[in-house]
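Under this note's numbering, residues 13 to 632 are what the sequence shown spells out, in order. All C-beta atoms in this analysis are idealised placements derived from N, C-alpha and C, irrespective of residue type, glycine included.
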Amino acid sequence: MVVAIALVLTVSHAMATAQPIAPVNTTFAAWLDPDGTATADTVLDKANWETFTGWKSWGFGLEPIWLRITVPAALRSDELPQVLVVRPPYLDRVTFYDPTTGVIRHAGDFLPAREDALGSVVFTFEVSPQTKARDVLLRLESSSTRLVYLEMLPMAEAKRFTRWVEWVTGSFLLVSLFLWVWSVMEWLISRDRVTATFAIQQLMVTLWGFFHLGFARAILGEWFPEGMLSQTTSTVAAVMVGTIFLFFASLLIEYSSPAWMLRVMRSSLWVLIGLAVFGILGPTHLALMGVNAVATFLLVWLVITVLVSPKSQPQPPIPKAVILAYVFFYAFVNAIPTMTNLGLIQESRILFYGNMSNLVANGFVMLIILGVRHRLFRSRHEALANQLIRQQEQARMNEQYLSDQRQLLAMLAHEIKTPLANLRIWMEAGQKGRPAMERAIDDMNRVIERCVHSGQLSDQSLQPRMELLDVAELTRFVCSSSRQPERMLLDLPTDPCLAQTDAQILSIVLSNLLDNAYKYSALNSRITLRLTATTGSQGINGWRWQIENEVGSTGWPEASKLFGKYYRSPLARKQSGSGLGLFLVKALLELLNGHVTYSPSDGLVRFEIWLPAQLSNRPT
Numbered sequence: 013m014v015v016a017i018a019l020v021l022t023v024s025h026a027m028a029t030a031q032p033i034a035p036v037n038t039t040f041a042a043w044l045d046p047d048g049t050a051t052a053d054t055v056l057d058k059a060n061w062e063t064f065t066g067w068k069s070w071g072f073g074l075e076p077i078w079l080r081i082t083v084p085a086a087l088r089s090d091e092l093p094q095v096l097v098v099r100p101p102y103l104d105r106v107t108f109y110d111p112t113t114g115v116i117r118h119a120g121d122f123l124p125a126r127e128d129a130l131g132s133v134v135f136t137f138e139v140s141p142q143t144k145a146r147d148v149l150l151r152l153e154s155s156s157t158r159l160v161y162l163e164m165l166p167m168a169e170a171k172r173f174t175r176w177v178e179w180v181t182g183s184f185l186l187v188s189l190f191l192w193v194w195s196v197m198e199w200l201i202s203r204d205r206v207t208a209t210f211a212i213q214q215l216m217v218t219l220w221g222f223f224h225l226g227f228a229r230a231i232l233g234e235w236f237p238e239g240m241l242s243q244t245t246s247t248v249a250a251v252m253v254g255t256i257f258l259f260f261a262s263l264l265i266e267y268s269s270p271a272w273m274l275r276v277m278r279s280s281l282w283v284l285i286g287l288a289v290f291g292i293l294g295p296t297h298l299a300l301m302g303v304n305a306v307a308t309f310l311l312v313w314l315v316i317t318v319l320v321s322p323k324s325q326p327q328p329p330i331p332k333a334v335i336l337a338y339v340f341f342y343a344f345v346n347a348i349p350t351m352t353n354l355g356l357i358q359e360s361r362i363l364f365y366g367n368m369s370n371l372v373a374n375g376f377v378m379l380i381i382l383g384v385r386h387r388l389f390r391s392r393h394e395a396l397a398n399q400l401i402r403q404q405e406q407a408r409m410n411e412q413y414l415s416d417q418r419q420l421l422a423m424l425a426h427e428i429k430t431p432l433a434n435l436r437i438w439m440e441a442g443q444k445g446r447p448a449m450e451r452a453i454d455d456m457n458r459v460i461e462r463c464v465h466s467g468q469l470s471d472q473s474l475q476p477r478m479e480l481l482d483v484a485e486l487t488r489f490v491c492s493s494s495r496q497p498e499r500m501l502l503d504l505p506t507d508p509c510l511a512q513t514d515a516q517i518l519s520i521v522l523s524n525l526l527d528n529a530y531k532y533s534a535l536n537s538r539i540t541l542r543l544t545a546t547t548g549s550q551g552i553n554g555w556r557w558q559i560e561n562e563v564g565s566t567g568w569p570e571a572s573k574l575f576g577k578y579y580r581s582p583l584a585r586k587q588s589g590s591g592l593g594l595f596l597v598k599a600l601l602e603l604l605n606g607h608v609t610y611s612p613s614d615g616l617v618r619f620e621i622w623l624p625a626q627l628s629n630r631p632t
């Protein structure tokens, strides 16, 4: 984009600072041949020649136009030939006559550039110097608008001028091509409907510029049969107008414009294609008059469509006021050539530059508008995507919460039912059943406590309160308070084992691991607990507990699911339990910056936990 803007600025600077052309002092006159029967020998005798200043427009028509150019006498007989430059390059037939020398040259959009003096994108005819002033003639025929701009220049000046015209118009054509490439690449990325229609429009605008500015004739003229190049230019022009309003109709959908008005703009493409076909099969000038009439109508229709568009919700990325201001400007600039061609207003020099608005100006404005629009759309899309991610995450959390609640209720209904049944049975046994009833109550308390701890972890209300304590002494106390302390085999250091940790959370962790070992180990087997000083993986001093037990009737647990919430192996479900014990062990240790691992070996189920000894050494 920056390169293209720089190119346009360079071209504009060149146009503004170009040296004024020094034309030969010639006079121009024109005569309309009403029946087309005049010849070069008879036309000079006509009395009603109309003088003009070098440029003029006669609109559409079939009558040939004769132009008389009075060439002054040469100062010397050895002067270089002069060159008559004729524009625009879309005129169908331009025939040059020099009655004095008998020279006849043919040019025009119907013919390849074989007889042009300089082989340029514009028409050039060499005029030999004569010692006497004389008249030379041009005969013009064109199915398109009969606009002409004549200049008689010295040979050197003509060469410089035609190359300058080629460079300027070629630069604009190159910018138009760049705009098309940009729009295609942008569409490939965004797959946006408005960008797609802009790419179609810009392709047709670039093709139209290639034919309309004379480059097709200069480059490809030899391969086109006579008349085919002119017909192709007219067809491309008609389709181009349709694609321009197809793009505007696509853009204005975002502004809540009336649907029926947008349908009129979209349908115009088929009308213009029909006119192009009519131009191939019938009178081309009538078809082109129709194209200009439709284009004039659509320009007015475009302005009205934007004016009556209500405030749309949500707000379009480009404010309506910006679009309205540009549409007014665009319609004004482009209505002048079409209305002039139709004879509705007086001709103006804007005819020679107005068409550039389609080639570059409109494309650049739309490049900026679409660029801003795409950035705003991306911002909105990212905001919506982030909102969707948040909603999906919230939905996932809600679903997980509901799933947890369902599992919790199912677990409670199952785990509390068995102790309650035991209570009912042992209540009938009187004092003999008291120990069993106490165990049943303890089982229910454990289930409820683990549910409470799980809830505290979920809402992050459980926070550690660090204190310096003897973890060996705490371990002895937990083991002695467990349900079957007689099965424990302790291997603890005799010296104090100091650590900064939370006594309550560490007690819960050890109790859960011991309870897990009691329930799922072989009946009446020994359970070993060791406490040793060790250094963690990051060189941090800490304490390691190892709790081992023989494999019981429930078999080996599934290691990948062992620390999952509510996980219980199929055989373990025969015993009471919440499925929360090991889940809580892992989560609570993470609060203390510790960790737990499952490392079975030699027929033993082994869990190892590690905690840092000093609070200051714990990783943040």
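The segment 78–90 touching the segment 139–149, judged by at least three CB pairs closer than 8 Å | The segment 78–90 is in contact with the segment 139–149.
Which value, in whole angstroms, describes the spacing of the CA atoms of L638 and F236?
-> Summary: the structure shown does not reach residue 638, with the chain confined to residues 13 through 632, and so no result is reported for it.
Secondary structure of M478, DSSP reduced to three states | The count along the sequence shown starts at 1 and reaches residue 478 at position 466. Here M478 sits in coil by DSSP.
Taking V106 as the reference, give the member of Q327, T112 and W78 with the closest Cα.
-> What you label residue 106 is simply residue 94 of the sequence shown in a count that begins at 1. Closest option to V106, Cα to Cα, is W78.
Count the other CB atoms, across all protein chains shown, that sit within 10 Å of the CB of E163; report buried if there are 16 or more and exposed otherwise.
-> Mapped onto the sequence shown, residue 163 falls at position 151. Around the C-beta of E163, 16 or more other C-beta atoms lie within 10 Å, and the residue is accordingly described as buried.
Own chain partners of R488 with C-beta closer than 8 Å, once the 5 adjacent residues on each side are dropped = Translated into positions along the sequence shown, residue 488 becomes position 476. Leaving aside the five residues that flank R488 on each side, the residues in its chain whose CB is nearer than 8 Å to its CB run, in chain order, L502 and L504.
Going along the chain, which residues of its own chain have a beta-carbon closer than 8 Å to the beta-carbon of G548, five neighbours each way excluded?
-> Working through the sequence shown from its first residue, we reach residue 548 at position 536. So the qualifying residues of the chain are G554, W622 and P624.
Under three-state DSSP, which class holds V20?
-> Within the sequence shown, the letter at position 8 stands for residue 20. Its pLDDT being 45, under 50, V20 is placed unreliably by the model, and nothing is read from it.
Neighbour-count burial assignment, R203, 16 or more Cβ in a 10 Å radius = Along the sequence shown, one-based indexing puts residue 203 at 191. Under this definition R203 is an exposed residue.
Chain-order list of residues whose beta-carbon lies under 6 Å from that of A249 (same chain, five-residue window excluded) | Here residue 249 refers to the residue found at position 237 when the sequence shown is read from its first residue. Answer for A249: W220, listed in chain order.
Beta strand (DSSP E) runs wholly inside the segment 66–122, at least 3 long, in chain order = Correct list: 67–69, 77–83, 94–99, 105–110 and 115–119.
Extent of the continuous beta strand (DSSP E) run through V372 | The count along the sequence shown starts at 1 and reaches residue 372 at position 360. Neither: V372 is in no beta strand (DSSP E) and is coded neither H nor E.
R542 lies in the beta strand (DSSP E); which residues open and close that run?
-> On the sequence shown, position 530 is the one that residue 542 refers to. Looking at the DSSP string, the run of the beta strand (DSSP E) that includes R542 is I539 to T547.
Give the C-beta separation of F223 and T207 to the nearest angstrom, bearing in mind that I take them to be a contact with Cβ-Cβ under 8 Å.
-> Counting from 1 along the sequence shown, the entry for residue 223 is found at position 211. Counting from 1 along the sequence shown, the entry for residue 207 is found at position 195. F223 to T207, Cβ: 25 Å. No contact.
List the endpoints of the continuous alpha helix (DSSP H) containing I330.
-> Residue mapping note: residue 330 aligns to position 318 of the sequence shown, counting from 1. Here I330 belongs to no alpha helix (DSSP H), and DSSP marks it neither H nor E.
Backbone CA spacing between P93 and L165 [nearest angstrom] | For this step, residue 93 is matched to residue 81 along the sequence shown. For this step, residue 165 is matched to residue 153 along the sequence shown. Spanning the two alpha carbons is a distance of roughly 9 Å.
To the nearest angstrom, how far is it from the Cα of F108 to the Cα of L150?
-> Along the sequence shown, one-based indexing puts residue 108 at 96. Along the sequence shown, one-based indexing puts residue 150 at 138. The C-alpha of L150 is placed about 5 Å away from the C-alpha of F108.
Among N304, K573 and L510, nearest to A545 - alpha-carbon criterion | Indexing the sequence shown from 1 puts residue 545 at position 533. Checked all of N304, K573 and L510; the closest Cα to A545 is L510.
In angstroms, rounded to a whole number, what distance separates the CA positions of W61 and A337?
-> Locating residue 61 in the sequence shown gives position 49, counting from the first residue. Locating residue 337 in the sequence shown gives position 325, counting from the first residue. Each residue's alpha carbon lies about 44 Å from the other.
How many Å lie between R538 and E498 at the Cα?
-> On the sequence shown, position 526 is the one that residue 538 refers to. On the sequence shown, position 486 is the one that residue 498 refers to. In a straight line, the C-alpha of R538 is about 9 Å away from that of E498.
Three-state class that DSSP yields for F290 in the structure shown | To locate residue 290, count along the sequence shown from 1; it is residue 278. In the three-state reduction of the DSSP assignment, F290 falls in the helix class.
With a 10 Å radius around its C-beta and 16 neighbouring C-beta atoms as the bar for buried, classify K332 as buried or exposed.
-> Residue 332 sits at position 320 when you count from the first residue of the sequence shown. Buried.
Looking only at C-alpha atoms, which of P124, V217, R172 and R117 sits nearest to G239?
-> Position 227 of the sequence shown, counting from 1, holds the residue named residue 239. Of P124, V217, R172 and R117, the residue nearest in Cα terms is P124.
Using a Cβ-Cβ distance under 8 Å, would P124 count as near chain C?
-> Checking the listed chains, one finds no chain C in this structure; it contains a single protein chain.
Looking at C-beta atoms only, is the number of pairs between the segment 309–324 and the segment 268–284 that lie closer than 8 Å three or more?
-> A contact is defined here as three or more CB-CB pairs under 8 Å, and the segment 309–324 meets this definition with respect to the segment 268–284.
Terminal residues of the alpha helix (DSSP H) in which L594 lies = On the sequence shown, position 582 is the one that residue 594 refers to. Taken as a continuous stretch (DSSP letters only), the alpha helix (DSSP H) holding L594 covers G593 to L603.
Proximal residues to L241 (C-beta, below 8 Å), its chain only, five neighbours per side dropped = For the purposes of this step, residue 241 is identified with residue 229 of the sequence shown, where counting begins at 1. D121, F122, F223, A228, R229, L232 and G233.
Have a look at the DSSP bridge pairing and note the partners of V617.
-> Within the sequence shown, the letter at position 605 stands for residue 617. Looking at the DSSP assignment, V617 forms a beta bridge with N561.
Could you tell me if M216 is buried or exposed, where buried requires 16 or more neighbouring beta carbons within 10 angstroms of its beta carbon?
-> Taking the sequence shown and counting its residues from 1, the one referred to as residue 216 is at position 204. With at least 16 other beta carbons inside 10 angstroms of its own, M216 counts as buried.
Please look up how many angstroms separate the CB atoms of M351 and T308, rounded, as I've assumed it's under 8 Å.
-> In the sequence shown, counting from the first residue as 1, residue 351 sits at position 339. In the sequence shown, counting from the first residue as 1, residue 308 sits at position 296. Between M351 and T308 the beta-carbon gap is near 6 Å, inside 8 Å, which marks them as a contact.
Do P101 and L225 have their CB atoms nearer than 8 Å?
-> For the purposes of this step, residue 101 is identified with residue 89 of the sequence shown, where counting begins at 1. For the purposes of this step, residue 225 is identified with residue 213 of the sequence shown, where counting begins at 1. Yes, the Cβ-Cβ distance between P101 and L225 is below 8 Å.
Which stretch, first to last residue, makes up the alpha helix (DSSP H) that contains L319?
-> Here residue 319 is taken as the residue at index 307 of the sequence shown, counted from 1. Taken as a continuous stretch (DSSP letters only), the alpha helix (DSSP H) holding L319 covers T296 to V320.
Residue range of the alpha helix (DSSP H) that includes Q496 | As a first step, residue 496 must be located in the sequence shown, where it is residue number 484. Per DSSP, Q496 belongs to no alpha helix (DSSP H) and is neither H nor E.
Taking just the CA atoms, how far does V97 sit from V134?
-> Counting from one through the sequence shown, the residue named residue 134 turns up at place 122. Counting from one through the sequence shown, the residue named residue 97 turns up at place 85. Distance from the CA atom of V134 to the CA atom of V97, rounded to whole angstroms, is 7 Å.
Taking just the CA atoms, how far does E485 sit from N543?
-> To locate residue 543, count along the sequence shown from 1; it is residue 531. To locate residue 485, count along the sequence shown from 1; it is residue 473. It should be noted that the sequence gives Leu, not Asn, for residue 543. Spanning the alpha carbons of L543 and E485 requires a straight line of approximately 11 Å.
Using the C-alpha atoms, what's the distance from I380 back to P329?
-> In the sequence shown, counting from the first residue as 1, residue 329 sits at position 317. In the sequence shown, counting from the first residue as 1, residue 380 sits at position 368. In a straight line, the C-alpha of P329 is about 12 Å away from that of I380.
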